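Let me begin by presenting the structure, written as structure tokens, before commenting on it.
Numbering (our numbering), first residue to last: 1 to 168.
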């Protein structure tokens, strides 16, 4: 009789906390999936968020700057309010994707066993870590780059808006 192999150690980490499962869940969510859309649909979504933010920022701007008497300050104030909402939405997208980036990038990830202050660490098997690195490099890094560019563009537009406000 030979030596029996040791029983396979079951993974203690809950399946919903496995980085690849978290990635799949994020990718399939309606909100976070938006960052993966082709450029035209992504840009259309940005414009839609900005336009919808005008529903709130427009009346607030109109209260401060009557559109018929002060059209330029009204437009600048409304655009600034809508721009803040757009910035916050894109920042939330960026934070969600960067969290998954970090989880997939690391060879060792933390998790909670029962959910209440009983965290532990899980060392990924080499194959899983290599697979995760490929996902990070070819799937998530381009998304984060797109979101960084978007945040930069929105910031530049907000800065230009502020400069125009200051000059007027």
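We treat Cβ as the ideally placed atom computed from N, Cα and C, and that holds for glycine.
Remember, predicted model here, so these are calculated numbers, not experimental data.
How big is the Cα-Cα spacing for residue 77 and residue 44? Walking along the chain shown from the start, residue 77 turns up at place 77. Walking along the chain shown from the start, residue 44 turns up at place 44. Taking the straight line from one Cα to the other gives about 22 Å.
Along the chain, where does the beta strand (DSSP E) that runs through residue 122 open and close? Residue 122 sits at position 122 when you count from the first residue of the chain shown. That run of the beta strand (DSSP E) goes 119-123.
Per DSSP, residue 28 forms a beta bridge with which residues? Working through the chain shown from its first residue, we reach residue 28 at position 28. None; residue 28 has no bridge partner.
Would you kindly report the start and end of the unbroken beta strand (DSSP E) that includes residue 112? Stepping through the chain shown from its first residue, residue 112 is reached at position 112. First-last of the beta strand (DSSP E) with residue 112: 108-112.
Since residue 81 and residue 62 should fall inside the 8 Å C-beta cutoff, what is the C-beta to C-beta distance between them, to a whole number of angstroms? Translated into positions along the chain shown, residue 81 becomes position 81. Translated into positions along the chain shown, residue 62 becomes position 62. That pair is no contact at about 11 Å.
Sorted by chain position, which residues of the same chain lie with C-beta nearer than 7 Å to residue 13's C-beta, five sequence neighbours on each side aside? Taking the chain shown and counting its residues from 1, one reaches residue 13 at position 13. Result list for residue 13: 111 and 122, in chain order.
Going straight from the alpha carbon of residue 158 to that of residue 92, what length do you get? Taking the first residue of the chain shown as 1, we reach residue 158 at position 158. Taking the first residue of the chain shown as 1, we reach residue 92 at position 92. One C-alpha to the other measures close to 18 Å.
CB contact flag (residue 96, residue 47, <9 Å): In the chain shown, the residue the question calls residue 96 occupies position 96. In the chain shown, the residue the question calls residue 47 occupies position 47. Cβ distance not < 9 Å, so residue 96 and residue 47 don't count as in contact.
Kindly indicate the opening and closing residues of the alpha helix (DSSP H) around residue 150. For the purposes of this step, residue 150 is identified with residue 150 of the chain shown, where counting begins at 1. Per DSSP, residue 150 belongs to the alpha helix (DSSP H) from 141-167.
Could you tell me whether the region 130-143 touches the region 51-58, where touching means 3 or more Cβ pairs closer than 8 Å? no
Looking at C-alpha atoms only, which residue of 161, 167, 166 and 168 is the closest neighbour of residue 84? By one-based count along the chain shown, residue 84 stands at place 84. Per the Cα distances, 161.
For a quick check, are the C-beta atoms of residue 90 and residue 154 less than 9 Å apart? Residue numbering aside, residue 90 sits at position 90 when the chain shown is read from its first letter. Residue numbering aside, residue 154 sits at position 154 when the chain shown is read from its first letter. Yes, Cβ-Cβ distance for residue 90 and residue 154 is below 9 Å.
Is residue 38 helix, strand or coil when you go by DSSP? Here residue 38 refers to the residue found at position 38 of the chain shown. The answer is coil: DSSP assigns residue 38 none of H, G, I, E or B.
Using the beta-carbon count (16 or more within 10 Å), is residue 152 buried or exposed? Position 152 of the chain shown, counted from the start, is the residue given in the question as residue 152. Residue 152 is classed as exposed because its beta carbon has fewer than 16 other beta carbons within 10 Å across all chains shown.
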